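Report on one structure; see the data block that follows.
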Amino acid sequence: MAVLSERFYHVLGTFTGLQSFPVMVVYLILIGLSPLYQRMTKPYSLRQIMVVYNYTCSFISGCTLLGFIAGMVTSGSIFLKEGNDLLKNSFFLYWCTKNLELLDTLFMILRHKRRQISFLHVYHHASMVLLTDFAFHYSPWAGIAFGLSINSFVHVCLYYYYGYTAQKPLSGAPTWKRHITELQITQFLIGLVHNTIGYFHHGFCVYSMFYGASMLYLFSTFYYNAFLRKRKGE
Numbered sequence: 654m655a656v657l658s659e660r661f662y663h664v665l666g667t668f669t670g671l672q673s674f675p676v677m678v679v680y681l682i683l684i685g686l687s688p689l690y691q692r693m694t695k696p697y698s699l700r701q702i703m704v705v706y707n708y709t710c711s712f713i714s715g716c717t718l719l720g721f722i723a724g725m726v727t728s729g730s731i732f733l734k735e736g737n738d739l740l741k742n743s744f745f746l747y748w749c750t751k752n753l754e755l756l757d758t759l760f761m762i763l764r765h766k767r768r769q770i771s772f773l774h775v776y777h778h779a780s781m782v783l784l785t786d787f788a789f790h791y792s793p794w795a796g797i798a799f800g801l802s803i804n805s806f807v808h809v810c811l812y813y814y815y816g817y818t819a820q821k822p823l824s825g826a827p828t829w830k831r832h833i834t835e836l837q838i839t840q841f842l843i844g845l846v847h848n849t850i851g852y853f854h855h856g857f858c859v860y861s862m863f864y865g866a867s868m869l870y871l872f873s874t875f876y877y878n879a880f881l882r883k884r885k886g887e
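Quick note on my numbering: the sequence shown kicks off at 654 and runs consecutively.
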């Protein structure tokens, strides 16, 4: 028990010392202050800005995807706890994109869409800023890049969808919104299996399994509430 407690405080100290930790703190403070801001201001449209922003995020995610694939091919194994220059550069770009994607929440606040700022949204964005910072500085390995490459592919599709709906708001949301959520769930399921195998056979960190399981649960719950329960109500 003492060993686990010691490890926990070591990990906690490592994360609070990351460059992204102050960013996450400011991010959470802004969310907490957002109700006050919305009472004092009128909503912005930001449609053109969001079109450019979302398509840019989709493009950058495509770049990280290609970088991760090239790095993993060079490494030769998706369980290898070693990195190379290709992976290091891709991890840095991926970390930058997670900071950039915090603008998702800022746009919601400016547009007075606070109802979209769910626990899942905040948990996902805040945790990824810290985890990608940690991965870039301490573990830019092929074994980690596997899950991040899948996430990059999902974000290519996700931000293209956001860009499309921002560009053509009057045409209605494409019918593939549900399929993107299914793709996200599949991503976390594959990642959980990969991390579990990695933990038992390749020395992966146990926390990766718990984080993957939490994301799988939250996205599955969202999917049920957004699509399955709604259909049952009809």
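Note that the Cβ used here is the ideal one computed from N, Cα and C, for glycine as well. Only a predicted model underlies this, so the values are computations on that prediction, with no experimental measurement involved.
| Asked | Found |
| --- | --- |
| For Ser711, three-class secondary structure by DSSP | helix |
| Contacting residues, own chain, Cβ-Cβ under 6 Å from Gln769 (five flanking each side not counted) | Met761 |
| Beta-carbon proximity list for Asp738, same chain, < 7 Å, skipping 5 on both sides | none |
| Expected contact under 8 Å - CB spacing of Pro696 and Arg764 to nearest Å | 5 Å |
| Cβ neighbours of Tyr812 in the same chain (closer than 6 Å, five flanking residues each side left out) | Asn707, Cys710, Ser711 |
| Straight-line gap, Gly851 to Arg692 (C-alpha atoms, nearest Å) | 48 Å |
| CB contact flag (Lys734, His847, <8 Å) | no |
| Distance CB(Leu792)-CB(Ile838) smaller than 8 Å | According to the sequence displayed, residue 792 carries Ser and not Leu. No, the Cβ-Cβ distance between Ser792 and Ile838 is not below 8 Å. |
| Sequence-distant residues of the same chain with beta carbon closer than 7 Å to Phe732, five excluded per side | Gly796, Gly851, His855 |
| Reference Leu740; option with closest CA among Phe789, Ser867, Leu689 | Phe789 |
| Cβ-based burial, Leu665 [other Cβ within 10 Å; buried from 16] | exposed |
| Asn804, buried or exposed, once every other Cβ within 10 Å from all chains shown has been counted against 16 | buried |
| Whole-number beta carbon distance between Lys751 and Thr785, since they are thought to touch under 8 Å | 5 Å |
| Beta-carbon proximity of Met677 to Val782, cut-off 8 Å | yes |
| Where Gln672 falls, given that 16 or more other Cβ within 10 Å makes a residue buried | exposed |
| Whether Arg660 touches Ala819 by CB criterion (8 Å) | no |
| Leu718 burial status per 10 Å Cβ neighbour count (16 or more: buried) | buried |
| Coil, strand or helix - Tyr659 by DSSP | Per the sequence presented here, residue 659 reads as Glu, with Tyr not at that position. Reduced to three states, the DSSP call for Glu659 is helix. |
| Helix, strand or coil at Lys734 according to DSSP, with G and I counted as helix | coil |
| Same chain, Cβ closer than 7 Å to Phe674, five either side skipped, listed in chain order | Phe668, Leu783 |
| Cα-Cα separation, Tyr747 to Ala779 | 14 Å |
| Gln672 (DSSP reduced to helix, strand or coil) | coil |
| 7 Å Cβ shell around Gly724 - same chain, five flanking residues per side excluded | Asn737, Leu739, Leu740, Ser743, Ala795, Ala798 |
| Extent of the continuous alpha helix (DSSP H) run through Ser867 | 860-876 |
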